[in-house]
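A.B. asks: The numbering used here puts the first residue of the sequence shown at 1164, with every later residue one more than the last. Cβ coordinates follow ideal geometry from the N, Cα and C atoms, glycine included. Quick caveat, the model's predicted, so the values are computed rather than measured.
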Amino acid sequence: MKQTIVPMKSDAKLVVRTSADLFIEGSDQAQLVATVDDSYSFRMKDENGTIYLYADSDTKLVVPTTASLVLERVSGDASLLNFKGKAEVQKIGGDFHFQGLSGITIETVGGDCIFKEMTGPVEIKRVGGDLDGFQVTDIRAYGVGGDIELSAVKGKAQVTAGGDAHLQLTADPIVETKVTAGGDIYVGVTETANANLVMNSHGEEITVHACGQQLDIEAEDYTLPLGQGGAEIVLNAGGEVRVREGKEAMGEFSFVIEDINSSWHDFGREIEEKIRRSMKGVNHQLRHASWEASTAMRKAAEQMDQFSRNYQSGRDNRVVGFGFDANESAAPAKEKSGASDEERMMILKMLQEKKITVEEAEKLLQALEG
């Protein structure tokens, strides 16, 4: 695991590529906080004010909320929260969840795409799974392989689904809307909506119960005004078309985003716990190494004391059976000076710094003692 914190300007650009899952959250702090599950797979570089970040394991990023962001490639799932700067997604292999953005453009999402609380436009070229969203101004989704479910659409909508499409329009007045679906289309409007319905059901049933209109027919095409008429709502369905009055509803997909936020919050805690456990292990190793060094030094000191005692004892002993005449002067014996305190301290220091072993220290002392 690894956590990296570096300064990052509020208007800087960040380009991210990862082969695992990714979580990014905006912050008011002028810094980038990167937490990765595998420290060996994390790489980062700064080129002319653009930060490039690469990771091969799960990654959590906290970045300045007004920075510019490019998700170049994410092989797993990705989440982006509370980001006000320019956001661009080139390719995400798994699911993509985003919330609280001022706008985003998306090239390709292999799985599902889920969002809520958007304050700016959303543009999506391709989604392999479903597209679910709550609270959006303008949205364009050109190729969604599964179903589309959008609630609280407050601006223009142009979407295409391979499956069914459910839209709740809350704009007042209603603006241009175009929905194409391989399956059924369900559209909800407010009771005061003013628009012109242009519907095509390929011969399936067309039902309208809204703004004073009551229609139940089987027809290829049908055009019908709502209220005083207005902008066109064009609905092209492979199945049925249904238009009703209804209130905005968030849908069950909102809980998916909440669950993801909670799981990534736990991810941070797991990293912190791993760091704490690692630090405990390091502290234990340091204590053990200190104990071993103290033991080695104590042993060396005891051996030096023993050498000193032996040396002094040898000087005091006399050889029995020989004597000297009182008037005869004996040649003074050559005394051995032994190791000095400075030499002993030098050997101890070398032992402490692990430049020599205990055995080598003993040999040095023996040599110095003669």
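Can you give the Cα-Cα distance for E1152 and F1186, rounded to whole angstroms?
C.D. replies: What the structure shows of the chain is the stretch from 1164 to 1533, and residue 1152 is not part of that stretch, so it cannot be assessed.
A.B. asks: Where does the unbroken beta strand (DSSP E) through A1358 begin, and where does it stop?
C.D. replies: Looking at the DSSP string, the run of the beta strand (DSSP E) that includes A1358 is 1358-1363.
A.B. asks: Give the range of the beta strand (DSSP E) segment to which A1394 is assigned.
C.D. replies: Per DSSP, A1394 belongs to the beta strand (DSSP E) from 1394-1400.
A.B. asks: When you compare only the Cα positions, how much space is there between A1183 and A1218?
C.D. replies: Near 8 Å, if we compare the C-alpha coordinates of A1218 and A1183.
A.B. asks: Could you have a look at T1167 and say whether DSSP puts it in helix, strand or coil?
C.D. replies: Strand, per DSSP.
A.B. asks: Looking at the secondary structure, which residues open and close the beta strand (DSSP E) in which V1406 lies?
C.D. replies: Start and end: 1404-1408.
A.B. asks: DSSP puts V1178 in a beta bridge; with which residues?
C.D. replies: Y1215, V1233.
A.B. asks: Could you compute how far the alpha carbon of L1360 sits from the alpha carbon of G1274?
C.D. replies: If you take the alpha carbons of L1360 and G1274, they lie about 32 Å apart.
A.B. asks: Skipping 5 residues on each side, what residues in its chain have a beta carbon closer than 7 Å to that of Q1321?
C.D. replies: Answer for Q1321: R1303, K1341, listed in chain order.
A.B. asks: Find out if the Cβ-Cβ distance for the pair G1393, I1337 is shorter than 8 Å.
C.D. replies: Yes, the Cβ-Cβ distance between G1393 and I1337 is below 8 Å.
A.B. asks: Quick one: using the 10 Å Cβ neighbour count with 16 as the cut-off for buried, is E1491 buried or exposed?
C.D. replies: In this prediction, E1491 has a pLDDT of 43, which is less than 50 and means its spatial position is unreliable; nothing more can be read from the coordinates.
A.B. asks: Quick one: measure Cβ to Cβ for D1327 and M1362, integer angstroms, because I've assumed they're closer than 8 Å.
C.D. replies: That pair is no contact at about 15 Å.
A.B. asks: Taking all protein chains shown into account, do 16 or more other C-beta atoms lie within 10 angstroms of the C-beta of I1380, making it buried, or fewer, making it exposed?
C.D. replies: Exposed, by the Cβ-count rule.
A.B. asks: Alpha carbon to alpha carbon, what distance is there between S1190 and K1288?
C.D. replies: One C-alpha to the other measures close to 28 Å.
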